[in-house]
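K.L.:
Chains A and B supply the protein sequences, listed in that same order. For the first sequence, position 379 matches number 379 in full-length UniProt numbering, and the numbering has no gaps at all. For the second sequence, position 339 matches number 339 in full-length UniProt numbering, and the numbering has no gaps at all. Just so you know, even glycine gets a beta-carbon here, dropped at the ideal spot from N, CA and C.
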Amino acid sequence: MWEPQELGAMRSHLSDFKKHRAARIDHYVVEVNKLIIRLEKLTAFDRTNTESAKIRAIEKSVVPWVNDQDVPFCPDCGNKFSIRNRRHHCRLCGSIMCKKCMELISLPLANKLTSASKDSLSTHTSPSQSPNSVHGSRRGSISSVSSVSSVLDEKDDDRIRCCTHCKDTLLKREQQIDEKEHTPDIVKLYEKLRLCMEKVDQKAPEYIKMAASLNAGETTYSLEHASDLRVEVQKVYELIDALSKKILTLDLKQDPPPHPNTLRLQRMIRYSATLFVQEKLLGLMSLPTKEQFEELKKKRKQEIERKRILERQAALESQRRLEERRSDLASRATNGEVVPPRRGPAPLRKAEGWLPLSEGQRQSEDPDPLLQQIHNITSFIRQAKAADRTDEVLMLQENLRQLQDEYDQQQTEKAIELSRRQAEEEDLQREQLQVLREREWEREQGQAASLHTRTRSLDFREIRPFQLEPGREPRTHLAHALDLGSSPAQSSTATKTSPPSLAPEPFRGWSGSPALGQEFLPQSTPSQRSEAPSLNPFDEEEDLASPSAEGTASPPAPEPSLGPPARLLREYNPFEEEEEEEAVAGNPFARPDSPAPNPFDEEDEPPPRTPASLPVPGNPFEEAPCTNPFEEDSDGGQEGAEPIEEELLLQQIDNIKAYIFDAKQCGRLDEVEVLTENLRELKRTLAKQKGGSD
Amino acid sequence: MNVVFAVKQYISKMIEDSGPGMKVLLMDKETTGIVSMVYTQSEILQKEVYLFERIDSQNREIMKHLKAICFLRPTKENVDYLIQELRRPKYSIYFIYFSNVISKSDVKSLAEADEQEVVAEVQEFYGDYIAVNPHLFSLNILGCCQGRNWDPVQLSRTTQGLTALLLSLKKCPMIRYQLSSEAAKRLAECVKQVITKEYELFEFRRTEVPPLLLILDRCDDAITPLLNQWTYQAMVHELLGINNNRIDLSRVPGISKDLREVVLSAENDEFYANNMHLNFAEIGSNIKNLMEDFQKKKPKEQQKLESIADMKAFVENYPQFKKMSGTVSKHVTVVGELSRLVSERNLLEVSEVEQELACQNDHSSALQNVKRLLQNPRVTEFDAARLVMLYALHYERHSSNSLPGLMMDLRNKGVSEKYRKLVSAVIEYGGKRVRGSDLFSPKDAVAITKQFLKGLKTSGYHCVYHWRSHL
Chain A
1 MWEPQELGAM RSHLSDFKKH RAARIDHYVV EVNKLIIRLE KLTAFDRTNT
51 ESAKIRAIEK SVVPWVNDQD VPFCPDCGNK FSIRNRRHHC RLCGSIMCKK
101 CMELISLPLA NKLTSASKDS LSTHTSPSQS PNSVHGSRRG SISSVSSVSS
151 VLDEKDDDRI RCCTHCKDTL LKREQQIDEK EHTPDIVKLY EKLRLCMEKV
201 DQKAPEYIKM AASLNAGETT YSLEHASDLR VEVQKVYELI DALSKKILTL
251 DLKQDPPPHP NTLRLQRMIR YSATLFVQEK LLGLMSLPTK EQFEELKKKR
301 KQEIERKRIL ERQAALESQR RLEERRSDLA SRATNGEVVP PRRGPAPLRK
351 AEGWLPLSEG QRQSEDPDPL LQQIHNITSF IRQAKAADRT DEVLMLQENL
401 RQLQDEYDQQ QTEKAIELSR RQAEEEDLQR EQLQVLRERE WEREQGQAAS
451 LHTRTRSLDF REIRPFQLEP GREPRTHLAH ALDLGSSPAQ SSTATKTSPP
501 SLAPEPFRGW SGSPALGQEF LPQSTPSQRS EAPSLNPFDE EEDLASPSAE
551 GTASPPAPEP SLGPPARLLR EYNPFEEEEE EEAVAGNPFA RPDSPAPNPF
601 DEEDEPPPRT PASLPVPGNP FEEAPCTNPF EEDSDGGQEG AEPIEEELLL
651 QQIDNIKAYI FDAKQCGRLD EVEVLTENLR ELKRTLAKQK GGSD
Chain B
1 MNVVFAVKQY ISKMIEDSGP GMKVLLMDKE TTGIVSMVYT QSEILQKEVY
51 LFERIDSQNR EIMKHLKAIC FLRPTKENVD YLIQELRRPK YSIYFIYFSN
101 VISKSDVKSL AEADEQEVVA EVQEFYGDYI AVNPHLFSLN ILGCCQGRNW
151 DPVQLSRTTQ GLTALLLSLK KCPMIRYQLS SEAAKRLAEC VKQVITKEYE
201 LFEFRRTEVP PLLLILDRCD DAITPLLNQW TYQAMVHELL GINNNRIDLS
251 RVPGISKDLR EVVLSAENDE FYANNMHLNF AEIGSNIKNL MEDFQKKKPK
301 EQQKLESIAD MKAFVENYPQ FKKMSGTVSK HVTVVGELSR LVSERNLLEV
351 SEVEQELACQ NDHSSALQNV KRLLQNPRVT EFDAARLVML YALHYERHSS
401 NSLPGLMMDL RNKGVSEKYR KLVSAVIEYG GKRVRGSDLF SPKDAVAITK
451 QFLKGLKTSG YHCVYHWRSH L
């Protein structure tokens with residue numbers, strides 16, 4: 001609300017003030033210094049062991065004595081000097097006064113004054129002592145006035161005579177010295193108190209930082225260290241409390257009682273110390289116990305992993321988007337002419353191409369946040385695996401399982417309802433059976449990977465069916481239109497040729513309207529069966545070719561149009577792989593496929609699942625997260641071996657090269673890496689394809 | 001341009017500059033008020049200022065272990081006190097700050113008194129006004145004019161206050177004043193004079209549009225202050241009285257001892273800060289929410305503190321709880337008293353008639369309503385006099401003006417001479433003869449509002465300080 005405001009105007013009068021003061025002070029200081037220098041000369045020799053005559057000579061040499069004749073009366077009291085009322089000279093200024101008006105300076109006092117001016121750390125005569133000694137000596141001198149032997153007195157070896165003026169000046173000086181040296185108890189205690197407070201100010205934030213970090217499960221600091229620090233800080237607090245209490249009760253029992261202001265000061269110090277402790281001590285959060293800490297650590301780890309992966313995900317996503325844009329342009333430029341013929345059922349296939357559709361859009365359209373989450377995590381897992389962080393992967397898997405359970409429940413409910421309707425379409429089922437038989441054959445080809453599938457946890461199987469189901473819809477068309485094997489390849493070509501904006505549309509439409517999806521259901525079921533097996537072999541091969549590709553290469557060109565089932569498989573792969581890590585390092589791609597179809601016929605899947613798997617129309621498209629387009633491509637290439645495919649691959653390679661160049665120029669090294677990986681993948685696929693087709 | 005912040009910055013700077021160690025703050029009567037408006041005791045305690053002394057207090061002990069920060073108005077008495085103080089210093093070192101311009105000769109006489117060289121700083125820090133809210137300050141002057149002319153003492157104090165304000169905000173303004181008011185003109189001239197004389201001080205970075213100092217005389221609108229207010233701060237001010245953020249509740253029936261005097265400071269009281277400009281009705285519901293909130297936080301009695309964790313939680317929450325309970329009981333008391341006064345003094349009805357008098361032009365109905373209320377025994381003589389004043393101002397030149405009859409009614413009601421005199425005084429002060437514009441024409445009001453809004457738009461940062469001169 002208020003704009004920043006600087007300190008208001010001000011004006012200093014200090015220099016003026018000092019100038020005026022200096023004029024006044026100079027005079028005074030010179031005077032004092034002169035006296036002290038003389039005093040020093042007078043005390044520089046051993047007075048007790050020196051003859052009085054000699055002393056007198058020295059004294060006279062320090063300051064010229066005023067001539068006796070010039071002063072007939074004592075200048076202070078006005079008494080006439082006589083034989084009885086003798087003249088006395090001030091040893092410091094040489095002036096004359098009577099005995100009554102004469103003052104004496106004891107040697108200790110003289111020493112104190114001279115040494116104090118020499119260095120401030122001078123002798124530590126207690127303040128009460130020195131004034132007393134002065135007074136004592138003065139009284140002595142007064143008493144000696146009446147004594148006849150006053151002459152003897154004059155030889156006092158340990159005292160120096162002076163006039164009242166000099167003495168006053170010196171006493172003032174002494175007072176100043178005392179004040180400088182004397183620190184009352186309260187100040188000492190107070191200084192300690194402040195030291196403690198400073199310590200707290202210094203340590204408490206440090207502790208709070210530690211405690212906060214420990215409570216968050218971080219391992220930056222050790223728990224022991226933190227608890228030590230806590231104890232330390234608490235001790236300081238106790239000390240502050242004790243000190244302020246001491247200040248509060250200081251001199252309380254003294255007689256006479258201290259000035260009310262002193263008491264008030266003490267009370268206020270205590271009060272502010274209490275405030276301080278209250279405010280700061282309460283800010284000290286508690287530390288977790290060891291067990292709690294372990295738990296926290298675990299939680300934290302999970303969290304961090306997630307965050308990190310999310311970040312990476314975001315980075316990849318953006319990169320992917322970038323690529324999308326470029327490939328859009330590229331595809332438009334190169335393949336624009338191909339578009340028109342591919343209308344009707346074609347959109348589906350278009351979507352399957354290597355064309356990266358905006359993944360972000362897809363995701364945002366995802367109707368089910370759970371699905372989004374699931375697919376996020378799966379991709380995290382993949383990335384984690386690629387980075388060889390098995391512990392993270394485990395954690396994430398756990399996470400995923402929970403999410404999937406949740407999702408399963410949701411979906412089974414929906415599915416049950418849909419399955420009822422499904423039951424009515426038995427005739428279609430028959431068709432299905434047929435396809436299944438076909439598929440089994442393929443599966444045999446597809447190899448032993450299916451064995452692993454059995455080891456997979458139930459949830460995957462549960463989920464996969466429904467997710468796959470709708471995804472198959474497009475395939476159905478494909479299956480009808482083309483021979484199964486070639487479909488992916490064709491579709492990929494289609495995508496490239498069609499403008500990107502077109503490609504996603506049909507999918508969206510479907511995913512959006514469950515009713516539509518249902519219409520397709522009958523068709524989709526059979527296709528699903530048939531497709532999965534067909535995919536398998538390629539997946540495997542691909543895997544052999546580039547076992548590590550999935551993690552690194554994955555995202556840049558997300559393949560929206562890619563047969564949704566394929567995408568799903570990808571997603572799930574890491575997961576399964578994870579599990580298999582223990583068992584057999586099998587083919588991740590093969591597995592997802594095989595289990596999905598299996599439940600229906602071979603694997604003795606519980607019956608309710610079959611129907612469940614069929615409906616759920618909306619999901620498949622949204623599901624497709626960061627799939628590796630190249631893997632996809634390779635699938636297609638393998639299968640179809642169509643001439644266009646090769647062309648496209650080449651084109652793709654060119655594109656990627658261009659991206660790499662661009663990325664390098666912009667200094668996005670990570671991007672470059674990913675792209676290079678992609679490129680390699682593409683080349684490999686191309687080589688494979690060539691080999692296959694030739 | 002936050003005046004509270006401006007003064008607070010000055011005080012903070014003083015304390016900072018004196019370095020570590022125990023400190024005493026030496027003030028005079030006025031600067032005590034200035035400091036107390038911007039700093040709470042506990043806040044200032046944390047800066048090692050443990051004692052607050054009045055420079056004129058004779059009962060000060062010698063405490064050489066304390067540093068003294070002197071924040072004084074540059075008056076003759078203060079300089080004399082300070083000279084005495086420096087001759088026999090009670091504290092180890094003195095940091096002297098004057099709240100306004102001090103003469104060179106005063107500095108000289110202070111310097112000559114400082115034989116022991118205890119003074120470490122002599123500065124002018126222009127915190128010479130009472131910062132009430134960020135956008136409002138006061139000089140706590142009661143009665144600045146005699147008739148229509150300035151009381152010379154108050155004129156100079158007001159000039160000092162205004163120039164200090166300008167300096168503390170670092171503004172060298174263009175001055176505009178109300179032409180119809182001689183007092184406004186005088187003040188504008190005096191401020192101008194100071195700016196000319198101390199031109200070195202006023203050399204601030206020039207802005208394209210110079211800041212504007214607008215000096216208005218209340219006489220152009222004598223109506224508004226006569227109306228009963230219905231927002232929180234204004235009601236408290238009107239009905240209970242606020243003096244340097246302090247409210248005297250000792251007259252409230254059955255008041256508990258620690259609520260006799262409460263502090264309402266927007267700086268430290270969030271509830272007050274949020275509600276001070278809200279309507280009375282809204283305050284009611286907000287207070288209810290506050291209470292409910294409080295009930296929730298209140299440690300339940302049944303809930304025993306069994307585990308250490310319970311105790312810890314309690315201890316940790318307790319100060320907050322305590323603070324909250326203080327706030328709650330304070331506001332509940334204040335609002336309760338306000339509503340008691342409202343019903344006791346029949347203020348809703350009075351206010352309705354006031355509004356009619358101020359905003360409508362129906363003479364007969366207004367007269368009838370005023371007469372009716374004058375008969376009502378629950379209407380206090382103060383409110384009765386105000387109604388008649390409003391009538392007198394509005395229908396001053398009305399053909400069927402029946403002011404004499406109303407004056408008779410006032411007399412019959414037993415309204416004291418003191419209040420009855422105010423009716424003629426207010427006409428003299430803010431009557432038609434004096435006013436530049438027609439206050440009661442609704443068309444005008446709209447036009448003025450429009451103009452005002454326009455002004456706000458074009459010069460958003462010109463903060464117009466309402467400076468209130470009391471009648």
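For His-165(A), would you say it is in contact with chain B, using Cβ-to-Cβ distances shorter than 9 angstroms as the test?
P.N.:
No, its Cβ sits nowhere closer than 9 angstroms to a Cβ of chain B.
K.L.:
Short of 7 angstroms in beta carbon distance, which residues of its chain neighbour Arg-312(A), apart from the five on each side in sequence? Order them along the chain.
P.N.:
Excluding sequence neighbours, Arg-312(A) sits near Gln-383.
K.L.:
If I'm right that Leu-287(A) touches Ser-227(A) with Cβ under 8 angstroms, what's the distance once you round it to whole angstroms?
P.N.:
Right, their Cβ atoms sit about 6 angstroms apart.
K.L.:
Which complete alpha helix (DSSP H) runs does the stretch 196–265 of chain B hold, if anything under 4 residues is left out?
P.N.:
Here the runs fully enclosed are 232–235.
K.L.:
By Cβ distance below 8 angstroms, which residues in the same chain neighbour Tyr-391(B) in space, the five residues on each side in sequence not counted?
P.N.:
Correct list, in chain order: Leu-357, Ala-366, Leu-367, Val-370, Leu-403 and Leu-406.
K.L.:
So Gln-123(B) contacts chain A; which residues on that side make the cut at Cβ distance below 9 angstroms?
P.N.:
Neighbours of Gln-123(B) on chain A, chain order: Met-10, Arg-11, Ser-12, His-13 and Leu-14.
K.L.:
With burial defined as no fewer than 16 other Cβ atoms inside 10 Å of the residue's Cβ, what is the status of Gln-404(A): buried or exposed?
P.N.:
Buried, because 16 or more other Cβ atoms sit within 10 Å of the Cβ of Gln-404(A).
K.L.:
Do three or more CB pairs link the stretch 14–34 of chain A to the stretch 107–127 of chain B at distances below 8 angstroms?
P.N.:
Segments in contact, yes.
K.L.:
Roughly how many angstroms lie between the CA atoms of Ala-166(B) and Gln-146(B), to the nearest whole one?
P.N.:
Reading the sequence as shown, one finds Leu at residue 166(B) and not Ala. For Leu-166(B) and Gln-146(B), the distance between alpha carbons rounds to 26 angstroms.
K.L.:
Where do the ends of the alpha helix (DSSP H) carrying Asn-133(B) lie?
P.N.:
Where Asn-133(B) is concerned, there is no enclosing alpha helix (DSSP H), although the beta strand (DSSP E) it sits in stretches over 130–133.
K.L.:
Determine, using beta-carbon pairs with one atom in the stretch 59–68 of chain B and one in the stretch 18–25 of chain B, whether at least three such pairs fall under 8 angstroms.
P.N.:
Segments in contact, yes.
K.L.:
May I ask you to report which of helix, strand or coil DSSP gives Met-276(B)?
P.N.:
It is coil, neither helix nor strand.
K.L.:
Hey, would you say Leu-338(B) sits closer than 9 angstroms to Gln-5(A), going by beta carbons?
P.N.:
Not closer than 9 angstroms, so no.
K.L.:
So what does DSSP say about Tyr-81(B), is it helix, strand or coil?
P.N.:
Here Tyr-81(B) sits in helix by DSSP.
K.L.:
For the stretch 38–58 of chain B, enumerate the residues whose C-beta is nearer than 7 angstroms to any C-beta of chain A, in chain order.
P.N.:
Hits within the stretch, in order: Ser-42, Leu-45, Gln-46, Tyr-50 and Leu-51.
K.L.:
Given His-363(B), which residues of its chain have a CB within under 8 angstroms of its CB, disregarding the five upstream and five downstream residues?
P.N.:
Correct list, in chain order: Tyr-395, His-398 and Ser-400.
K.L.:
Below 7 angstroms CB to CB, which residues in the same chain sit around His-480(A) once its five sequence neighbours on both sides are set aside?
P.N.:
Since pLDDT at His-480(A) reaches only 46, below the 50 mark, its modelled position is unreliable, and the value read off the structure follows with that caveat. Result list for His-480(A): empty, nothing under 7 angstroms.
K.L.:
Output the distance between the C-alpha atoms of Ile-653(A) and Leu-310(A), rounded to the nearest integer angstrom.
P.N.:
Approximately 29 angstroms, taken between the alpha carbons.
K.L.:
For the stretch 43–51 of chain B against the stretch 153–161 of chain B, do three or more pairs of beta-carbon atoms, one drawn from each stretch, fall closer than 8 angstroms, so that the two count as touching?
P.N.:
Because the criterion of three Cβ pairs below 8 angstroms is not met, the stretch 43–51 of chain B and the stretch 153–161 of chain B do not touch.
K.L.:
Would Leu-373(B) pass as a contact of Asn-412(B) if the rule is Cβ separation under 9 angstroms?
P.N.:
No, the pair does not count as a contact, with Cβ atoms beyond the cut-off.
K.L.:
If the cut is a Cβ gap below 7 angstroms, which residues of chain B does Met-268(A) touch?
P.N.:
The contacting residues are Leu-45, Tyr-50 and Leu-51.
K.L.:
To the nearest whole angstrom, what separates the beta carbons of Gln-355(B) and Leu-275(A), a pair I think is in contact under 8 angstroms?
P.N.:
48 angstroms between Cβ atoms; not a contact.
K.L.:
Less than 9 angstroms between the C-beta atoms of Ile-105(A) and Cys-196(A), yes or no?
P.N.:
Not a contact, by the Cβ cut-off of 9 angstroms.
K.L.:
Is Val-334(B) close to chain A, meaning its C-beta is less than 9 angstroms from at least one C-beta of that chain?
P.N.:
Not one chain A Cβ lies under 9 angstroms of Val-334(B).
K.L.:
On a Cα-Cα basis, can you pick out the residue from Val-191(B), Arg-206(B), Ile-62(B) and Arg-176(B) that is closest to Pro-184(A)?
P.N.:
Residue Ile-62(B) is the option with its Cα nearest to Pro-184(A).
K.L.:
Opposite Ser-156(B) in the DSSP bridges: which residues?
P.N.:
DSSP output for Ser-156(B) lists no bridge partner at all.
K.L.:
Is the beta carbon of Tyr-81(B) less than 9 angstroms from the beta carbon of Asn-100(B)?
P.N.:
Cβ distance not < 9 angstroms, so Tyr-81(B) and Asn-100(B) don't count as in contact.
K.L.:
Alpha carbon to alpha carbon, how far is Asn-67(A) from Pro-108(A)?
P.N.:
Each residue's Cα considered, the two are about 30 angstroms apart.
K.L.:
For the stretch 243–273 of chain A, enumerate the residues whose C-beta is nearer than 7 angstroms to any C-beta of chain B, in chain order.
P.N.:
Correct list: His-259, Asn-261, Thr-262, Arg-264, Leu-265, Met-268, Ile-269, Tyr-271 and Ser-272.
K.L.:
Along the stretch 60–75 of chain B, what residues have a CB closer than 8 angstroms to any CB found in chain A?
P.N.:
Going along the stretch 60–75 of chain B in chain order, one finds Arg-60, Glu-61, Met-63, Lys-64, His-65 and Leu-66 with a Cβ nearer than 8 angstroms to chain A.
K.L.:
Could you pull out every unbroken beta strand (DSSP E) segment of at least 3 residues lying fully inside the stretch 57–106 of chain B, listed in chain order?
P.N.:
Fully enclosed beta strand (DSSP E) runs of 3 or longer: 63–72 and 91–98.
K.L.:
When we look at the beta-carbon of Leu-142(B) and count the other beta-carbons within 10 Å, is it buried (16 or more) or exposed?
P.N.:
Leu-142(B) comes out exposed.
K.L.:
Quick check on Ser-82(A): buried or exposed, where buried means 16 or more other Cβ atoms within 10 Å of its Cβ?
P.N.:
Ser-82(A) is exposed by the Cβ-count criterion.
K.L.:
What span of residues does the beta strand (DSSP E) with Tyr-50(B) cover, start to end?
P.N.:
Here the beta strand (DSSP E) through Tyr-50(B) covers 49–54.
K.L.:
Work out the CA separation of Ile-247(B) and Gly-241(B) for me, nearest whole Å.
P.N.:
Taking the straight line joining both Cα atoms gives about 6 angstroms.
K.L.:
I want to verify the contact list: residues of chain A whose CB lies under 8 angstroms from the CB of Pro-20(B), in sequence order.
P.N.:
The contacting residues are Arg-194.
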